[in-house]
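**Student:** Sharing a structure, written as structure tokens. Questions coming.
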Ligand code: AVJ
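Residue numbers (the UniProt record's numbering): 15 to 339.
In structure tokens:
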């Protein structure tokens, strides 16, 4: 029953990605050492992120869910007969389900195209199909760019493209602009884009969201070193590092680092790298940008989006913006 409602594509339309080993070799072999946040999400890292989403200090997920629930009454007025849901980053999460619930009330058959490189795509797709009888899923196993390329000129059906959770906040402003352009150029007339972005707020609230009292965020950050140990034959000693995060007000972003607690050398065999770290030296692992409403309007305006509406929660912590081409 489920098989004929599920298909996968592995287009790899994006230019061939560098391997994990190559990317790490490059990004740790620079003056400002860096590990891309996309490497957080192995199985363990994805599980830890799920735990973060439930932490009392981590407001984004909970807040976005309350806003999405408000959309239940309002989103249908923007949709006509012929929409599917496309999601950048796969969710079997509450969030995707809220949108699928809205679609289930409008359409007899609901089409969902999750785009994700991670193995979680299959897991979450199967769990969704069990709960939604009229759901058809086309899982696109690729990078966001590859997935968008696949979607371009795919068919006449209109797409509601979801980019939730302030995942966009990981991009630098320049890369973010380019990515929005990519989304915009993928869209045809009538397509819609719904983006969830975290808002600038009190430093204390931001900083405790990224340095929780149970230490789950620290574990999440440090886990990327275990992953490098396992997958690239490296010998990071996790006890020699600590989680370090701060809010950079000028650049409106949380910055996460792994701090070396001692002078040390680490071998990363598969990257052909001997990494020397001084005591207190930082490895940068993540930016999480925060936005003002005016920033969001400018971001979307600059690439030619037409903003339909922005929804906020009562505390103005988080935003959802709907835009068309
Ligand atoms: C998944 C990128 C949206 O930036 O809030 C959570 C990742 N990092 N805690 C975020 C994250 C540390 C999260 N995003």
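Cβ coordinates follow ideal geometry from the N, Cα and C atoms, glycine included.
Using the rule of at least 16 other Cβ atoms within 10 Å of the residue's Cβ for burial, across every protein chain shown, is residue 292 buried or exposed?
**Tutor:** Residue mapping note: residue 292 aligns to position 278 of the chain shown, counting from 1. The residue in question, residue 292, is exposed, as its Cβ has fewer than 16 Cβ neighbours within 10 Å.
**Student:** Leaving out five residues on either side along the sequence, give the residues of the same chain with a beta carbon under 6 Å from the beta carbon of residue 58.
**Tutor:** What you label residue 58 is simply residue 44 of the chain shown in a count that begins at 1. Excluding sequence neighbours, residue 58 sits near 237.
**Student:** For a test of your reading of the model: does the CB of residue 222 fall under 8 Å from any non-hydrogen atom of ligand 1? Yes or no.
**Tutor:** As a first step, residue 222 must be located in the chain shown, where it is residue number 208. Flag unset: Cβ of residue 222 not near ligand 1.
**Student:** Determine the burial state of residue 201: buried for a count of at least 16 other Cβ atoms within 10 Å of its Cβ, exposed for fewer.
**Tutor:** In the chain shown, the residue the question calls residue 201 occupies position 187. When all chains shown are included, residue 201 counts as buried.
**Student:** From which residue to which residue does the beta strand (DSSP E) around residue 48 run?
**Tutor:** The sequence position of residue 48 within the chain shown is 34, counting from 1. Here residue 48 belongs to no beta strand (DSSP E), and DSSP marks it neither H nor E.
**Student:** Should residue 83 and residue 112 be called a contact, given that it needs their Cβ atoms to be closer than 9 Å?
**Tutor:** Against the chain shown, residue 83 aligns to sequence position 69. Against the chain shown, residue 112 aligns to sequence position 98. Yes. Within cutoff.
**Student:** Any beta-carbon of chain B closer than 9 Å to the one on residue 85?
**Tutor:** Any reference to chain B falls outside this structure, which holds one protein chain only.
**Student:** Measuring only the C-alpha atoms, how far is residue 103 from residue 122?
**Tutor:** Here residue 103 refers to the residue found at position 89 of the chain shown. Here residue 122 refers to the residue found at position 108 of the chain shown. Roughly 25 Å separates the two Cα atoms.
**Student:** Taking the runs of the alpha helix (DSSP H) that are 4 residues or longer, which of them lie wholly in the stretch 275-320?
**Tutor:** If we require 4 residues or more, the alpha helix (DSSP H) runs fully inside the stretch 275-320 come out as 307-316.
**Student:** Do you know offhand how far residue 100's Cα is from residue 277's?
**Tutor:** Residue numbering aside, residue 100 sits at position 86 when the chain shown is read from its first letter. Residue numbering aside, residue 277 sits at position 263 when the chain shown is read from its first letter. When rounded, the distance between both Cα atoms is 47 Å.
**Student:** Would you please state the rounded distance, in angstroms, between the beta carbons of residue 290 and residue 279? I believe it to be under 8 Å.
**Tutor:** In the chain shown, residue 290 corresponds to position 276, counting from 1. In the chain shown, residue 279 corresponds to position 265, counting from 1. About 5 Å separates the two Cβ atoms, so the contact holds.
**Student:** Contact check, residue 205 vs residue 95 under 8 Å by CB: the rounded distance?
**Tutor:** Position 191 of the chain shown, counted from the start, is the residue given in the question as residue 205. Position 81 of the chain shown, counted from the start, is the residue given in the question as residue 95. Going by Cβ atoms, the distance from residue 205 to residue 95 rounds to 14 Å, so no, they are not a contact pair.
**Student:** Starting from residue 42, follow the alpha helix (DSSP H) in both directions and report where the run begins and ends.
**Tutor:** On the chain shown, position 28 is the one that residue 42 refers to. Per DSSP, residue 42 belongs to no alpha helix (DSSP H) and is neither H nor E.
**Student:** In the DSSP assignment, find the unbroken alpha helix (DSSP H) run with residue 58 in it and report its ends.
**Tutor:** Here residue 58 is taken as the residue at index 44 of the chain shown, counted from 1. Here the alpha helix (DSSP H) through residue 58 covers 57-67.
**Student:** Give me the Cβ distance between residue 174 and residue 97, rounded to the nearest whole Å; I'm assuming they're in contact under 8 Å.
**Tutor:** For the purposes of this step, residue 174 is taken as residue 160 along the chain shown, with counting starting at 1. For the purposes of this step, residue 97 is taken as residue 83 along the chain shown, with counting starting at 1. Right, the Cβ-Cβ distance comes to about 5 Å (below 8 Å), so this counts as a contact.
**Student:** In this structure, does DSSP put residue 198 in helix, strand or coil?
**Tutor:** Counting from one through the chain shown, the residue named residue 198 turns up at place 184. Of the three classes helix, strand and coil, the one that applies to residue 198 here is helix, per DSSP.
**Student:** With residue 212 as the anchor, note down where its alpha helix (DSSP H) starts and where it stops.
**Tutor:** In the chain shown, counting from the first residue as 1, residue 212 sits at position 198. Unbroken run through residue 212 is the beta strand (DSSP E), 206-212; no alpha helix (DSSP H).
**Student:** Since residue 316 contacts residue 148 with CB under 8 Å, what's their CB separation in whole angstroms?
**Tutor:** The sequence position of residue 316 within the chain shown is 302, counting from 1. The sequence position of residue 148 within the chain shown is 134, counting from 1. Residue 316 to residue 148, Cβ: 38 Å. No contact.
**Student:** Where does residue 90 fall in DSSP's three states?
**Tutor:** Start at 1 with the first residue of the chain shown, and residue 90 comes out as number 76. Three-state result, residue 90: helix.
**Student:** In the structure shown, what three-state DSSP assignment does residue 160 receive?
**Tutor:** The residue given as residue 160 occupies position 146 in the chain shown. Note: residue 160 maps to helix in three-state DSSP.
**Student:** Helix, strand or coil for residue 144? Go by DSSP, reduced to three states.
**Tutor:** Along the chain shown, one-based indexing puts residue 144 at 130. Helix.
**Student:** How is the beta strand (DSSP E) around residue 23 delimited, first residue to last?
**Tutor:** Locating residue 23 in the chain shown gives position 9, where the first residue counts as 1. Segment 20-23, the beta strand (DSSP E) holding residue 23.
**Student:** If we call anything under 9 Å between Cβ atoms a contact, is residue 182 one with residue 319?
**Tutor:** Counting from 1 along the chain shown, the entry for residue 182 is found at position 168. Counting from 1 along the chain shown, the entry for residue 319 is found at position 305. It is not a contact, given that the beta carbons lie outside the stated cut-off.
**Student:** Sort out for me which residues DSSP pairs residue 74 with in a bridge.
**Tutor:** Residue mapping note: residue 74 aligns to position 60 of the chain shown, counting from 1. According to DSSP, which records beta bridges pairwise, residue 74 is partnered with nothing at all.
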